[in-house]
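Trainee:
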Amino acid sequence: MDLEVKRQIFHMIVGVIIVFVLNINSDIVDKYFEIVLLIIIITGLFLSMVSKRIKIPVFSDLLKEFDRKSDIREFPGKGPFYYLVGVYFTVMIFSTDIASAAILILAFGDSISHLIGKYFGKTKMIIHPEKLLEGTIAGIIAATLFSSIFVGIISGFIASTITMFIEAAELEYFKIDDNFFIPVLAGLILSILK
Numbered sequence: 390m391d392l393e394v395k396r397q398i399f400h401m402i403v404g405v406i407i408v409f410v411l412n413i414n415s416d417i418v419d420k421y422f423e424i425v426l427l428i429i430i431i432t433g434l435f436l437s438m439v440s441k442r443i444k445i446p447v448f449s450d451l452l453k454e455f456d457r458k459s460d461i462r463e464f465p466g467k468g469p470f471y472y473l474v475g476v477y478f479t480v481m482i483f484s485t486d487i488a489s490a491a492i493l494i495l496a497f498g499d500s501i502s503h504l505i506g507k508y509f510g511k512t513k514m515i516i517h518p519e520k521l522l523e524g525t526i527a528g529i530i531a532a533t534l535f536s537s538i539f540v541g542i543i544s545g546f547i548a549s550t551i552t553m554f555i556e557a558a559e560l561e562y563f564k565i566d567d568n569f570f571i572p573v574l575a576g577l578i579l580s581i582l583k
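This is how it looks when you write it as structure tokens:
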């Protein structure tokens with residue numbers, strides 16, 4: 390299976406798991422979700438730094454299987470790190486329904502836009518010639534469908550559309566990772582719409 394396909398499937402699965410756990414009605418989840426997420430982020434950052442010098446069983450194998458070669462050299466686990474940091478801030482800042490919708494916009498909008506753009510895209514976008522319109526539209530549709538579970542179809546559509554078009558403009562040029570800014574931006578838009 391192609392590396393990018395594996396990465397995007399993993400991206401979607403992690404998002405669904407996080408939203409599922411976040412929505413479990415439990416005192417334990419309410420009290421410890423953010424703490425556990427922060428511990429995972431800190432542990433991941435530590436493993437990332439160590440793995441640049443030492444091969445760590447399981448962690449290094451996962452990096453080899455899912456990480457881009459450039460990230461393995463420069464910042465092993467960069468994508469998952471920023472993904473979880475974005476999720477952490479989203480969960481800390483926004484209500485559970487908005488955070489859940491924003492995380493699903495990241496999980497499905499970003500992943501579907503990459504996959505559809507890569508395999509079926511033909512129309513280059515004016516805002517970024519390496520991004521393809523078909524991918525962005527597919528990302529908007531997927532993000533709208535999944536986010537609307539928590540915020541309704543209109544709010545989901547507006548937040549997904551704005552977020553996916555800003556993602557298409559590639560804020561990475563400004564050194565802002567999309568895994569971080571997509572859920573935070575989507576949460577902000579959804580909060581304004583509420």
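Whatever position you read off the sequence shown (first residue = 1), add 389 for this note's numbering.
Just so you know, even glycine gets a beta-carbon here, dropped at the ideal spot from N, CA and C.
1. Strictly by DSSP, which residues pair up with K513?
2. What residues in its chain sit with their C-beta under 6 Å from that of D418, if we drop five residues either side in the sequence?
3. When you compare only the Cα positions, how much space is there between F464 and K444?
4. Nearest to K441 by alpha carbon, out of I428, L426, I430 and K458?
5. I'd like the list of long-range same chain contacts for F422, defined as Cβ closer than 8 Å, with 5 residues on each side in sequence excluded.
6. With the cut-off set at 7 Å, would you say L574 and T550 are in Cβ contact?
7. So, at 7 Å on beta carbons, what are the nonlocal neighbours of V474 in its own chain, with the 5 sequence-adjacent residues on each side left out?
8. Could you name each continuous alpha helix (DSSP H) segment of 4 residues or more that falls completely within the region 416-485, going from the start of the chain to the end?
9. Verify whether the separation of the beta carbon atoms of S489 and V408 is less than 7 Å.
10. From what residue to what residue does the alpha helix (DSSP H) around A557 run?
11. Report the option in D416, T432 and G468 whose CA atom is closest to the CA atom of M401.
12. With distances taken from CA atoms, which of I571, D566 and L426 is nearest G528?
13. Go ahead and pull the three-state DSSP assignment for K395.
14. Among the candidates S415, K420, N414 and I461, whose CA atom is the shortest distance from the CA of L434?
Mentor: In brief:
1. L521
2. First, the amino acid is wrong: residue 418 is Val here, not Asp. None.
3. 14 Å
4. K458
5. V410, L411 and V480
6. In this structure, T550 does not lie closer than 7 Å to L574 by Cβ.
7. I430 and F569
8. 416-440, 448-455, 458-463 and 467-482
9. Judged by beta-carbon spacing, V408 lies within the 7 Å limit of S489, meaning their Cβ atoms are closer than that value.
10. I542 to A557
11. With distances taken between Cα atoms, M401 lies closest to G468.
12. Of the candidates I571, D566 and L426, the residue whose Cα lies closest to the Cα of G528 is I571.
13. helix
14. I461
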